[in-house]
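Here's the structure we're looking at; comments come further down.
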Amino acid sequence: MNLDFSDEQKQLRDQVRRFLKENCPPAAVRAILEGGDAYDAKLYQGLADLGVLGAAIPEEYGGVGLGHLELCVVAEELGRVLAPVPVASTVYLGAECLMQAGSEDQKQAWLPKISAGEAIGCWAINEGSGRMQPSKVALTFDGKTVSGSKAPITDGEIADFAIVLAKEGGELSLCLVDLSGSGVTRETLDSIDPTRGQAKLTFDATPATRIGSAGDGWHIATQVMDRAAILIGFEQLGGADRALEMGRDYALERMAFGRQIGSFQAVKHILADMYVSATLARSNCYYGAWALSSSAAELPIAAATARVSATNAFQHCAKNNIQVHGGMGFTWAFDCHLYYRRSNALALTIGSLSTWESLLIERMSAGNVEAAA
Amino acid sequence: MDFNDTPQEAEFRKEVRSWLDANAPKHLEPELKRASFGSNGLESEDPIKASKAWQKKKAEAGWACLHWPKEYGGGARSAMERVIWSQEEGPYAVLSGLFTIGHGMCGPTVMEWANEEWKEKLLPPLASGEEVWCQLFSEPASGSDLAGLRTKAVKADDGSGDWIINGQKIWTSGAQNSDWGLLITRTDPDVPKHKGLTMFFLRMDSPGVKVVPIRQANGASGFNEVYFDDVRIPDDQRLGDVGQGWKVSLTTLMNERLSIGSGMSTGFPELFKFCMDMEIDGEAATADSGVRSKLAQFAVKQSGLKYTGMRAISALSKGETPGPENSIGKLVAGATMQELAMYALDLQGEAGVVWNEDSPQNGRFQAMLMRSPATRIEGGSDEILRNIIGERVLGLPGDIRVDKDVPFKEIPTSGKAKA
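Just so you know, the protein sequences line up as chains A and B, in that order. Under this note's numbering, the first residue of the first sequence carries the number 1, and numbering increases by one thereafter. Under this note's numbering, the first residue of the second sequence carries the number 1001, and numbering increases by one thereafter.
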């Protein structure tokens, strides 16, 4: 048995970490938070040049042809530094969807560009407030074009293509839309985490092609989101670990009552509990990574497990990182709020915590009772 | 990443399986599978005799104390082989509960600190289950602050070199079934508390030793008080130097946390089964969104512990030392079990208050509710474990210890509540 990454994968992690230390310091995240850009284009191109975007894309489609374990390693590092780039939208969701269900033409058209950093994708499923569910989809696909609105869409403002869940007749289908086509309107939405842009996309008879069969949209979307949940789980894990480190470091530096505040049990125990939640999340994410890389039958359960656990950990560590910092943690100048923002934004993307909690138990009770042990 | 055995591991697993298949006490299996907390669940046979018989059989075939060297009755197996053995032993492992403290804590301490003669005399019968050991550490006034213990050992004034012991221990698991005890005492009250301790071992049938079972909050009696009234111990039953007891005790405690933390139950599989079998408004409880949220949170703790254990095993199998991750085991399992028991009773509605043979799963959740407070205290309380994680894993500074350099006899022993 080996529930760990290989030495080569650990080397990749070190390499990506070094690259991000140089190219994505907190100041770069802050520049997106405070500036006019929707993402860090230079960093994104750097990741493409490093081969990170195409890590899990086969070489025949312009990728590097490594695998999903390598992508998990990369995701954790991106999460650690809150990289303000559209990797989740483009790679975990966009490229994964095309690789899982796209036609040869669709793959040829977009995967090489994704790998090269020349095309950004977005995952256009949501239509307004409330839990994501099939009955809420109103946007239509008539076989050639889509019409209707989607919001909120992460990276919708900057995307080159969108994967859109649409009503086709009485059923749901997934469509691929080139956003340079006609009838596309974009509206930027303010959000709790401006380091990752949100937008509303409106389509008016915009040309689109179906991904997979008619009526298969929800099924494919679910499969893709399961795979993405594990990768986003790794981003959350990276964020949780970094928030824990920030809290620990501050507890060592900050003095009160003549002592390092980390010597007080009230503070020490907060940090110990952060370590516990991050450790549980790490173990559950490794289980997810195994399932993702081996396309195991347990993948749906492993995905929900990793996702729930990683969401718990990142929210828990980010909020308590502020608590350990005290008043300084609530200043704009300290980076704690960047992690707090991202932890709460990631908790909602591709289905909120309660959605995944429900999925986990639904899947466990649907037959695999063994998984409970 | 994979969950498969290496060819050698698979070979070993096969060997274990076939031996167990031919030798395990299969007639006890149904009873052992029902085992709940603090007992091995046996009614058809004497639980002590059944435990000793199984241990002896294992010892004769070389399957006892797999982590010990062969010369002391152990199996000298690798860490990975131990893991495979415990996975395969399954329900029969419950029978080893009687020996957990002896094999996991007292034995390793004797192995590190006793002379060769004693090791050869004490360890083989401990390994084979012929002799049972208990650990005489906690006292009424020293639990988390173990080094504050007050049981006194003084040199006999007859020139024999023997020690005379007076005092009281508490929370001693299995003292009533034990042949030997590992005893920590205070030999010098004039120096700071950690410096005046000395470790001994003694026969539990020594004159002046009295074992009194404690009636616990859950009504059961797994723990004991042990009283010492002028008990005489020869000097050659001392482990380590006079005044070195604290250092000796660290060997024991390190082993305690390793053995207690691994593979602990949270009760989740039982709760999940209960919810699968139960209906709310004509639908399975597992279809209810409130139930799902609660169950999911328990589920990810259960699986988080399971895969944390597997990560530790992975490190072992590569010959690495597992990291500190395992220190979270008991902390998470204990608190989860308590919350989970409360939720299982909540789902039973007002009937949750009833605790008898008609209660769901024979009253397992009521038993968990009543036992779980102890899990959060024994073998290092939740708070001590958080200190350990904070200080040894995260590198935070220790608390300020006001009694550190004070002679033991000058440390205050009682406070006063405000009127």
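Here a beta-carbon is modelled for each residue, glycine too, at the ideal position from N, C-alpha and C.
>> Buried or exposed for residue 1103(B), going by 16 or more other Cβ atoms inside 10 Å?
In response: For this step, residue 1103(B) is matched to residue 103 along the second sequence. Buried, since its Cβ has 16 or more Cβ neighbours within 10 Å.
> Across which residues does DSSP place residue 1435(B) in a beta bridge pair?
Replying inline: Within the shown structure, residues of chain B are numbered from 1001 to 1419, placing residue 1435(B) beyond reach of any answer.
> Quick one, which of 93(A), 38(A), 80(A) and 99(A) has its alpha-carbon nearest residue 62(A)'s?
Replying inline: Taking the first sequence and counting its residues from 1, one reaches residue 62(A) at position 62. Comparing Cα positions, the closest option is 99(A).
> From residue 12(A) to residue 291(A), what distance separates their C-alpha atoms?
Replying inline: Taking the first sequence and counting its residues from 1, the one referred to as residue 12(A) is at position 12. Taking the first sequence and counting its residues from 1, the one referred to as residue 291(A) is at position 291. Roughly 20 angstroms between the two C-alpha positions.
> DSSP on residue 261(A), reduced to helix/strand/coil?
Replying inline: Translated into positions along the first sequence, residue 261(A) becomes position 261. In the structure shown, residue 261(A) sits in a helix (DSSP, three-state: H, G or I).
>> Quick check: is the beta carbon of residue 357(A) nearer than 8 angstroms to any beta carbon in chain B?
In response: Mapped onto the first sequence, residue 357(A) falls at position 357. Taking Cβ atoms only, chain B reaches closer than 8 angstroms to residue 357(A), which makes this a yes.
> Measuring CB to CB, does residue 231(A) end up less than 8 angstroms from residue 72(A)?
Replying inline: Indexing the first sequence from 1 puts residue 231(A) at position 231. Indexing the first sequence from 1 puts residue 72(A) at position 72. Taking 8 angstroms as the Cβ cut-off, residue 231(A) and residue 72(A) qualify as a contacting pair.
>> Three or more C-beta pairs under 8 angstroms: does that hold for the region 187–195 of chain A against the region 209–222 of chain A?
In response: no
> Since residue 1284(B) meets chain A, which of its residues come closer than 9 angstroms, beta carbon to beta carbon?
Replying inline: Here residue 1284(B) refers to the residue found at position 284 of the second sequence. Within 9 angstroms Cβ-Cβ: 365.
>> Cβ closer than 9 angstroms: which chain B residues qualify as neighbours of residue 138(A)?
In response: The residue labelled residue 138(A) in the question sits at position 138 within the first sequence. Those within 9 angstroms of residue 138(A) in chain B number zero; the least Cβ separation is about 24 angstroms.
> So, residue 167(A) versus residue 207(A), is the Cβ gap smaller than 8 angstroms?
Replying inline: For the purposes of this step, residue 167(A) is identified with residue 167 of the first sequence, where counting begins at 1. For the purposes of this step, residue 207(A) is identified with residue 207 of the first sequence, where counting begins at 1. No, the Cβ-Cβ distance between residue 167(A) and residue 207(A) is not below 8 angstroms.
>> Against chain A, with Cβ distances strictly below 8 angstroms, would residue 1226(B) count as a contact?
In response: Indexing the second sequence from 1 puts residue 1226(B) at position 226. Cβ-Cβ to chain A under 8 angstroms: no for residue 1226(B).
> Looking at residue 342(A) and residue 202(A), is the spacing between their C-beta atoms short of 8 angstroms?
Replying inline: Taking the first residue of the first sequence as position 1, residue 202(A) is located at position 202. Taking the first residue of the first sequence as position 1, residue 342(A) is located at position 342. In this structure, residue 342(A) does not lie closer than 8 angstroms to residue 202(A) by Cβ.
> Using a Cβ-Cβ cut-off of 8 angstroms (strictly less than) and excluding sequence neighbours within five positions of residue 374(A), which residues of its own chain qualify?
Replying inline: Lying before the first or after the last residue shown, residue 374(A) is absent from chain A, which here runs from 1 to 373.
> chain B beta carbons: is any one of them nearer than 8 angstroms to that of residue 144(A)?
Replying inline: By 1-based counting over the first sequence, the position of residue 144(A) is 144. For residue 144(A), the answer is no, since every Cβ of chain B falls outside 8 angstroms of its Cβ.
> Under 8 angstroms, do residue 1293(B) and residue 1080(B) count as touching if we go by C-beta distance?
Replying inline: For the purposes of this step, residue 1293(B) is taken as the residue at position 293 of the second sequence. For the purposes of this step, residue 1080(B) is taken as the residue at position 80 of the second sequence. Not in contact: residue 1293(B) and residue 1080(B) (Cβ atoms no closer than 8 angstroms).
> Bridge partners of residue 171(A), per DSSP?
Replying inline: As a working mapping, residue 171(A) is identified with position 171 in the first sequence. BP columns for residue 171(A) point to 168(A).
>> When you compare the CB positions of residue 1306(B) and residue 1332(B), do they come within less than 8 angstroms of one another, or not?
In response: Walking along the second sequence from the start, residue 1306(B) turns up at place 306. Walking along the second sequence from the start, residue 1332(B) turns up at place 332. No.
> If we ignore side chains and look at the alpha-carbon of each, how far apart do residue 1260(B) and residue 1030(B) end up?
Replying inline: The residue labelled residue 1260(B) in the question sits at position 260 within the second sequence. The residue labelled residue 1030(B) in the question sits at position 30 within the second sequence. A caution first: residue 1260(B) carries a pLDDT of 38, below 50, which makes its placement in the model unreliable, though a value can still be read off. Residue 1260(B) and residue 1030(B): Cα-Cα distance of roughly 25 angstroms.
> Between the C-alpha atoms of residue 1145(B) and residue 1151(B), what's the straight-line distance to the nearest angstrom?
Replying inline: Locating residue 1145(B) in the second sequence gives position 145, counting from the first residue. Locating residue 1151(B) in the second sequence gives position 151, counting from the first residue. Those two C-alpha atoms are separated by around 14 angstroms.
>> Strictly under 8 angstroms for the Cβ-Cβ distance: is residue 4(A) near chain B by that measure?
In response: Position 4 of the first sequence holds residue 4(A). So, interface residue.
> Under 8 angstroms, do residue 1059(B) and residue 1107(B) count as touching if we go by C-beta distance?
Replying inline: What you label residue 1059(B) is simply residue 59 of the second sequence in a count that begins at 1. What you label residue 1107(B) is simply residue 107 of the second sequence in a count that begins at 1. Contact: no.
> Counting contacts by CB-CB distance shorter than 8 angstroms, is residue 1330(B) in contact with chain A?
Replying inline: Position 330 of the second sequence, counted from the first residue, corresponds to residue 1330(B). For residue 1330(B), the answer is no, since every Cβ of chain A falls outside 8 angstroms of its Cβ.
> With 16 other CB atoms within 10 Å as the buried threshold, where does residue 227(A) fall?
Replying inline: On the first sequence, residue 227(A) is found 227 positions in, with the first residue counted as 1. With 16 or more other Cβ atoms within 10 Å, it is buried.
> Of all the options 336(A), 119(A), 89(A) and 70(A), which has the alpha carbon lying nearest to the alpha carbon of residue 10(A)?
Replying inline: Position 10 of the first sequence, counted from the start, is the residue given in the question as residue 10(A). The residue with the shortest Cα to Cα distance from residue 10(A) is 70(A).
> What separation, rounded to the nearest whole angstrom, lies between the Cα atoms of residue 1202(B) and residue 1064(B)?
Replying inline: As a first step, residue 1202(B) is located in the second sequence; it is residue number 202 there, counting from the start. As a first step, residue 1064(B) is located in the second sequence; it is residue number 64 there, counting from the start. Approximately 23 angstroms between the Cα atoms of the pair.
>> Can you tell me whether residue 1200(B) is buried or exposed? The criterion is at least 16 other CB atoms within 10 Å of its CB, across all chains shown.
In response: Your numbering for residue 1200(B) matches position 200 in the second sequence. The residue is buried, with at least 16 neighbouring Cβ atoms inside 10 Å.
> Rounded to whole angstroms, how far is the Cβ of residue 1363(B) from the Cβ of residue 1357(B), which I believe are closer than 8 angstroms?
Replying inline: Position 363 of the second sequence, counted from the first residue, corresponds to residue 1363(B). Position 357 of the second sequence, counted from the first residue, corresponds to residue 1357(B). Yes, they are in contact, since the Cβ atoms of residue 1363(B) and residue 1357(B) sit about 7 angstroms apart, within 8 angstroms.
> Is it the case that the Cβ atoms of residue 47(A) and residue 28(A) are separated by a distance below 8 angstroms?
Replying inline: Translated into the one-based positions of the first sequence, residue 47(A) becomes position 47. Translated into the one-based positions of the first sequence, residue 28(A) becomes position 28. No.
> To the nearest angstrom, how far is it from the Cα of residue 338(A) to the Cα of residue 310(A)?
Replying inline: For this step, residue 338(A) is matched to residue 338 along the first sequence. For this step, residue 310(A) is matched to residue 310 along the first sequence. Their Cα atoms are separated by approximately 17 angstroms.
> Hey, does residue 320(A) have any beta-carbon neighbour from chain B nearer than 8 angstroms?
Replying inline: Position 320 of the first sequence, counted from the first residue, corresponds to residue 320(A). Not closer than 8 angstroms to any Cβ of chain B, the Cβ of residue 320(A) fails to qualify, so no.
> Between the region 1290–1305 of chain B and chain A, which residues of the former have a C-beta closer than 9 angstroms to a C-beta of the latter?
Replying inline: 1291, 1292, 1293, 1294, 1295, 1296, 1297, 1299, 1300, 1301, 1302, 1303, 1304 and 1305
>> Counting only Cβ pairs nearer than 7 angstroms, list the residues of chain A close to residue 1313(B).
In response: Here residue 1313(B) is taken as the residue at index 313 of the second sequence, counted from 1. Here the neighbours are 1.
>> Using the three-state DSSP reduction, which class does residue 110(A) fall into: helix, strand or coil?
In response: For the purposes of this step, residue 110(A) is taken as residue 110 along the first sequence, with counting starting at 1. Looking at residue 110(A) - three-state DSSP - the assignment turns out to be helix.
> So residue 252(A) and residue 262(A) are in contact, right, with Cβ under 8 angstroms, and what is the actual spacing, rounded?
Replying inline: Against the first sequence, residue 252(A) aligns to sequence position 252. Against the first sequence, residue 262(A) aligns to sequence position 262. Contact holds; Cβ gap of about 5 angstroms.
>> Taking beta-carbon pairs under 8 angstroms, can you tell me which members of the region 1389–1407 of chain B lie near chain A?
In response: 1389, 1390, 1391, 1393, 1394, 1395, 1396, 1397, 1398, 1399 and 1400
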